[in-house]
Amino acid sequence: MGEVSPGRKKRRRRRKMLDLISSPFFPMVLSRTWMSPPCHTSALLLVFVALAVAGAEQSEERSCDVVGDESSESQMERALLKKLEPLSHMRFNVTVEKGKTENYVYNFRVCREVDSSSHDFGGVVQTDRQTGKTTVIGRINETQVFNGSDWIMLIYKGGDSYGRHCSGEKRRAVIMISCKRGVTASSFSIISEEREKEQECFYLFEMDSSVACPAENSHLSVGSILLITFVSLIAVYIIGGFLYQRLIVGAKGMEQIPHFAFWQDLGNLVADGCDFVCRSKPRNAPAAYRGVGDDQLGEESEERDDHLLPM
C-alpha cells in the first residue's frame, strides 16, 4: 500500500467531522451532552470545532485527484502535482471563433476548479458566448499526469458527455505544458478538438511554463575548468616564485619577481619573433646600397681645379 499524503488525511478527518454534524444523531448527542452541567464547556467546544471545520472545508479549494485509489498513486505523480503547484493560483482562458455558429471561451486552471461555487470539479470549462451555456471538458477529480524531458502532460477526464459524437462518451482535456525558462506561464491556446473518432476523443491545449523545465546542471564547462586551472597555475607561479626569491635567494625590490631578467627582456624577444615571422626578406640578404672605399676611388687630375685658383 502506498503512503497517504498528509493533505488527504486532513481532508478525511474533515469529512468525518462533517458527516458527524450532518448525522441525524448529532442533535441527540448534543442535547444529552448539554443536559449534563459538567459538560457544558465540552459541548460548546465541540460545536465551535465542528463549525470551524465545516467553514474550512467550504473555503478550501479542491485540488487534483489522480485516477484510481489513493494507494495506487506513484511517487512520480505526486512529485509532478507538487511541481505544478505554482500555477494553481493562476487562471487561463482562450477564445475560439469559427464563423457565426461557434464562439467559445475555454477557461482552465491547474489542479483547481474554474468555478469553485459550482462544486462540479471542472478544471477546463467551455462557455458558449452566444447562449451562455457552460460545458465541463474535464474534471480535476479524474486527473492523469506524466512527463518527459522538457514537458508535462496534464489530463482531465470525466467531462460532460458528448451528444452525437464519440459514441456519447465523456469529454477529456489534454494540456501539454512545454518548457520555457524564465516564464511562469504563458501562451495558453487550444490546438484542436478530436471528436471524429468512435472513442478516446479529446480537446488538446498547450501552454509554456518554466515548471516543465528540467533542473539546470550546475557543473562547469570545459572552458571554465581550463581557465580556472590556468589562473591557479599563474597565481602559484607568482606567489611561490616571489617567496623563493625573497626568502631563499634574498632578493630585494624588482629582483623578487621570478625570472625577472626573462620578463624584462620579453619585449625584445617578442619583437625578434615578430621580425622573424612577419618580415619577407631573407635575413642574410645583401644590402641594396653599399659604401664605397677610398681604394675604389679613381685618380683625379690636379689640373681639374686649376681654373678655380686666383690669378
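Just so we're aligned: 3 in full-length UniProt numbering is position 3 of the sequence shown, and the numbers increase by one with no gaps anywhere. Don't be surprised by glycine CBs; every beta carbon is placed ideally from N, CA and C. No experiment lies behind these values; they were computed from the predicted model shown.
- As the crow flies, the alpha-carbon of Ser186 is around 16 Å from that of Met153.
- Taking 3 residues as the minimum length, the segment 212-249 contains no beta strand (DSSP E) run wholly inside it.
- Considering only Gly148, Asp69 and Thr184, the residue with the shortest C-alpha distance to Val110 is Thr184.
- The C-alpha of Asn93 is placed about 10 Å away from the C-alpha of Ile190.
- According to the DSSP secondary-structure assignment, Thr101 is paired through a beta bridge with no residue.
- In the displayed model, Met76 falls within a helix according to three-state DSSP.
- Out of Gln75, Met76, Val96 and Phe108, the CA that lies nearest to the CA of Met90 is found in Phe108.
- By the beta-carbon neighbour count (other beta carbons within 10 angstroms, threshold 16), Glu73 is buried.
- Counting along the chain, the unbroken alpha helix (DSSP H) around Phe276 starts and ends at Leu266 to Cys278.
- Secondary structure in the UniProt domain "MRH" (62-215): the beta strand (DSSP E) runs of 3 residues or longer, each lying completely within the stretch, are 91-98, 102-109, 122-128, 134-147, 151-158, 173-179, 186-194 and 202-209 in chain order.
- Annotated three-state conformation of Ala251 is coil, per DSSP.
- Around Cys201, the same chain offers Cys166, Glu194 and Arg195 as residues with beta carbons nearer than 6 Å, after the five sequence neighbours per side are excluded.
- Relative to the Cα of Gly123, the nearest Cα in the group Lys157, Asn147 and Leu84 belongs to Lys157.
- Measuring C-alpha to C-alpha distances from Asp65 to each of Ser117, Ala215, Val249 and Phe121 identifies Phe121 as the nearest.
- For a cut-off of 8 Å, the C-beta gap from Glu61 to Arg112 is around 5 Å, short enough to register as a contact.
- Pairing Ala215 with Ile177 gives a Cβ-Cβ distance that is not under 8 Å.
- For Leu87 and Asn217, the gap between their C-alpha atoms comes out near 24 Å.
- Cβ-Cβ separation between Gln144 and Ile137: approximately 14 Å, too far for a contact (criterion under 8 Å).
- Shortest Cα-Cα distance from Ala235 to any of Cys278, Gln199 and Pro258 involves Pro258.
- Counting every other CB atom within 10 Å of its CB across the protein chains shown gives Phe188 a total of 16 or more, marking it as buried.
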